[in-house]
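**Q** Counting from 6, one number per residue, gives the positions in the sequence shown under the numbering used here. No residue lacks a Cβ here, since even glycine has one placed at the ideal position from N, Cα and C.
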Amino acid sequence: MAGTLGTLFGKAAENVIVTPHHFVLVGVAGAGLLIIAVLVSCIPVMRMKPKAILSQME
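Structure below.
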């Protein structure tokens, strides 16, 4: 995978070094995107009143 990404960015496959710092960066970015996606998807439900939510469940 690192070799493929390296060739996309113009580096030779043997010169690509993936450090644990890169894994942490990708994990933090993924977690951030996940949290943002969940919060955005919750906005319509959070704007509704509890009675309206329960009446739609019937």
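(1) Throw me the rounded Cβ distance for the V50 and I58 pair, which I believe falls under 8 Å.
(2) Looking at the unbroken alpha helix (DSSP H) that takes in V29, where does it start and where does it end?
(3) Between which two residues does the alpha helix (DSSP H) harbouring I58 extend?
**A** Quick answer:
(1) Beta-carbon to beta-carbon, V50 and I58 are separated by about 7 Å, close enough to satisfy the 8 Å threshold.
(2) Per DSSP, the continuous alpha helix (DSSP H) segment holding V29 begins and ends at P25 to R52.
(3) P55 to Q61
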